[in-house]
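Participant: For the record, in the sequence shown the residue sitting at position 22 is 22 according to my numbering, with numbers rising by one throughout. Positions of the beta carbon are idealized from the N, C-alpha and C atoms, including for glycine.
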Amino acid sequence: MNPPHNFRTCSGLCLLAVLSFSLANLTGCNTASTPIEPSVTGTTNTSIASAANSPQPTLPVPQIEYSKIHLIPAHFVNDNAAQYVTPADNPVTDAGATLGRVLFYDKKLSLNNSTACATCHKQELAFTDNKRLSDGLMGGLTRRHSMSLNNISYVDVGGGGGRGGAPAPMGFFWDTRAATLEIQALMPIQDKTEMGMTLDSLTKRLTQTDYYKPLFASAFGTPDVTSDRVAKALAQFVRSLITYRSKFDVGVQTNFQNFSAQENRGRAIFNGRDGNCATCHGTRQFIMERPENNGLDAVSTTDLGLAEVTGNQRDAGRFRVPSLRNIELTAPYMHDGRLLTLEDVVEHYNSQVQPHPNLSNQLRANGQANTPRRLNLSTADKQALVAFLKTLTDTEFIKDTRFSNPFAVLP
Ligand code: HEC
Ligand code: HEC
Numbered sequence: 001m002n003p004p005h006n007f008r009t010c011s012g013l014c015l016l017a018v019l020s021f022s023l024a025n026l027t028g029c030n031t032a033s034t035p036i037e038p039s040v041t042g043t044t045n046t047s048i049a050s051a052a053n054s055p056q057p058t059l060p061v062p063q064i065e066y067s068k069i070h071l072i073p074a075h076f077v078n079d080n081a082a083q084y085v086t087p088a089d090n091p092v093t094d095a096g097a098t099l100g101r102v103l104f105y106d107k108k109l110s111l112n113n114s115t116a117c118a119t120c121h122k123q124e125l126a127f128t129d130n131k132r133l134s135d136g137l138m139g140g141l142t143r144r145h146s147m148s149l150n151n152i153s154y155v156d157v158g159g160g161g162g163r164g165g166a167p168a169p170m171g172f173f174w175d176t177r178a179a180t181l182e183i184q185a186l187m188p189i190q191d192k193t194e195m196g197m198t199l200d201s202l203t204k205r206l207t208q209t210d211y212y213k214p215l216f217a218s219a220f221g222t223p224d225v226t227s228d229r230v231a232k233a234l235a236q237f238v239r240s241l242i243t244y245r246s247k248f249d250v251g252v253q254t255n256f257q258n259f260s261a262q263e264n265r266g267r268a269i270f271n272g273r274d275g276n277c278a279t280c281h282g283t284r285q286f287i288m289e290r291p292e293n294n295g296l297d298a299v300s301t302t303d304l305g306l307a308e309v310t311g312n313q314r315d316a317g318r319f320r321v322p323s324l325r326n327i328e329l330t331a332p333y334m335h336d337g338r339l340l341t342l343e344d345v346v347e348h349y350n351s352q353v354q355p356h357p358n359l360s361n362q363l364r365a366n367g368q369a370n371t372p373r374r375l376n377l378s379t380a381d382k383q384a385l386v387a388f389l390k391t392l393t394d395t396e397f398i399k400d401t402r403f404s405n406p407f408a409v410l411p
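1) Pull up the CB-CB distance for PRO406 and TYR66, whole angstroms please, since I reckon it's below 8 angstroms.
2) Is PRO188 close to ligand 1? I mean its beta-carbon at under 7 angstroms from any heavy atom of the ligand.
3) Taking C-alpha atoms, which residue in LEU385, GLY96, ASP400 lies nearest to PHE270?
4) Ignoring anything shorter than 4 residues or poking outside the segment 57-124, list the alpha helix (DSSP H) runs there in chain order.
5) Quick check on this structure: which residue in PRO372, PRO322, TYR333, ASN78 has the alpha carbon closest to the alpha carbon of ALA298?
6) For ALA316, which residues in the same chain have their Cβ closer than 7 angstroms to its Cβ, ignoring the five residues on either side in sequence?
7) Expressed to the nearest angstrom, what Euclidean distance is found between the alpha-carbon atoms of ALA51 and ASP210?
8) Where do the ends of the beta strand (DSSP E) carrying GLU292 lie?
9) Note the first and the last residue of the continuous beta strand (DSSP E) segment covering THR418.
10) Below 8 angstroms on the Cβ atoms is my guess for HIS356 versus LEU324; work out the distance and round it to an integer in Å.
11) Identify whether TYR333 lies in helix, strand or coil by the three-state DSSP scheme.
12) Under the three-state reduction of DSSP, which class applies to LEU205: helix, strand or coil?
13) From LEU133 to PHE256, what does the alpha carbon distance come to, in whole angstroms?
14) Assuming ARG267 and PHE388 are in contact, meaning their beta carbons sit under 8 angstroms apart, how far apart are those beta carbons, in whole angstroms?
15) Determine, using beta carbons only, whether LYS390 and GLU328 come nearer to each other than 8 angstroms.
16) Kindly list the residues whose CB is nearer than 8 angstroms to the CB of GLY367, restricted to its own chain and excluding five residues on each side of it in sequence; keep chain order.
17) So, does the segment 241-252 touch the segment 216-232, judging by three or more C-beta pairs under 8 angstroms?
Now the structure itself:
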């Protein structure tokens, strides 16, 4: 087959490939979906007015089909365990996510024009940074470690509701304090350390920025800038960040025949009793919506996690169970970035889990919080577990031009 020249073509072919469950087509299409940069991105949308001395976004024509990205990976569409969720009042549209992409990379969203969302969420690192704590707009440090943004729409809880309508402690951030991505998006913008803006100054500044007029008009019908629209567009772009081309993803579709013996041993440890990891990092997204206490500390002192949201001491030390997709790229690890390598993480679960009173059941020996489980893995098994974690790396995702910086000056 001839390589498609742009994403529109590719998307169509990918969908066909998905429908026919043809892995060969899917793989071929995936490879071909990347070289859109020179030909398509070079075609600047001339309706975006250019203001002197200010970086302008360069966007592809026709628009990228963000609304269809979640339909491309057949093994996600068919996965009943973790479904793509998007709120009824803010579905991902091509124009909405296009606007969200520009906002995500725009330093104008910070008080002194120094910091964009992408400053702390870098594509080449699966949308996190490589620091324990991130640098804010004035050089101050964030309180927690930046989170990677992978397949977040599969965690979306659509308003924080629990099963059967019961309230449940689910949401975004390490302590789950943001019930939706729309609520989340405005929080870093207004955070004094991170971006330091007021919503008033944000809407004024974006209203005065010419290239936003057609982008808002196309996404929402009129060029008016409101913080609600900013939040919706950012959430749409973040929901579009779908990683689905790792070695693991190929494995799901080929009965893991593409895995080495070591990787398959690691997979068995991860899913089975030896490691028991999948009881928390479950489904093909490696997530669990309920926050857990994975025994990093015996006592919670400086960061109480979920208890800071609920006020309940029994929630102390409970944090979001992050997806492990692209985990090889997202060091350091945990909410405070305390563990530097995947080997350190595996050793934590193998021998270092602390007897916190709220320690999650899965990590207790004999159900006792004061006797944490010890895995007693051999060196070879620990290496196998790390090898398995590395199969979750998606090198296409981190260079996918649908998610890249539109302000980048291309050669
Ligand atoms: C100065 C660094 C910084 C900037 C700028 C920043 N973030 Fe973050 N982001 C973080 C940190 C740190 C966390 C974790 C904070 C916490 O849990 O308390 C986070 C968490 C998140 C999460 C939660 C992910 C999850 O799995 O729950 C999302 C989504 C997110 N950021 C999106 C954004 C968007 C959108 C912007 C721009 C409007 C942005 N961030 C700007 C550092 C930053
Ligand atoms: C009881 C539930 C639970 C079990 C079982 C569990 N984890 Fe975790 N995992 C968590 C939680 C919660 C976090 C985040 C903790 C924090 O930062 O405070 C986490 C964090 C991680 C991280 C770091 C993620 C990041 O983005 O920084 C890795 C890697 C990881 N776990 C791997 C594993 C492996 C491998 C196993 C099996 C040996 C395992 N986990 C078992 C709950 C669990």
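Facilitator: Reading off the structure:
1) By one-based count along the sequence shown, residue 406 stands at place 406. By one-based count along the sequence shown, residue 66 stands at place 66. Contact flag wrong, Cβ pair sits at about 13 angstroms.
2) In the sequence shown, counting from the first residue as 1, residue 188 sits at position 188. PRO188: yes, Cβ under 7 angstroms from ligand 1.
3) As a working mapping, residue 270 is identified with position 270 in the sequence shown. Ranking the options by Cα distance to PHE270, first place goes to LEU385.
4) 74-77, 94-105, 117-120
5) Along the sequence shown, one-based indexing puts residue 298 at 298. Minimum Cα distance to ALA298 is reached at PRO372.
6) The residue given as residue 316 occupies position 316 in the sequence shown. Same-chain partners within the cutoff: SER300, LEU304, GLY305, ALA307, ASN358.
7) Counted from its first residue, the sequence shown places residue 51 at position 51. Counted from its first residue, the sequence shown places residue 210 at position 210. In this prediction, ALA51 has a pLDDT of 43, which is less than 50 and means its spatial position is unreliable; what the coordinates show is noted afterwards. Those two C-alpha atoms are separated by around 7 angstroms.
8) Here the question's residue 292 lines up with position 292 in the sequence shown. Here the beta strand (DSSP E) through GLU292 covers 288-292.
9) Residue 418 falls outside the range modelled here, since the chain spans only 1 to 411, and no answer is possible.
10) Walking along the sequence shown from the start, residue 356 turns up at place 356. Walking along the sequence shown from the start, residue 324 turns up at place 324. No, HIS356 and LEU324 are not in contact; Cβ-Cβ is about 22 angstroms, not under 8 angstroms.
11) Along the sequence shown, one-based indexing puts residue 333 at 333. Note: TYR333 maps to strand in three-state DSSP.
12) Along the sequence shown, read from residue 1 onward, the residue named residue 205 stands at position 205. The sequence shown places Arg at residue 205, rather than the Leu named in the question. Three-state result, ARG205: helix.
13) As a position in the sequence shown, residue 133 is number 133, starting the count at 1. As a position in the sequence shown, residue 256 is number 256, starting the count at 1. Those two C-alpha atoms are separated by around 36 angstroms.
14) By 1-based counting over the sequence shown, the position of residue 267 is 267. By 1-based counting over the sequence shown, the position of residue 388 is 388. At roughly 5 angstroms, the Cβ-Cβ gap stays under 8 angstroms, so ARG267 and PHE388 are in contact.
15) Taking the sequence shown and counting its residues from 1, one reaches residue 390 at position 390. Taking the sequence shown and counting its residues from 1, one reaches residue 328 at position 328. Yes. Within cutoff.
16) Taking the sequence shown and counting its residues from 1, one reaches residue 367 at position 367. Within the same chain, GLY367 has close Cβ partners ASN361.
17) no
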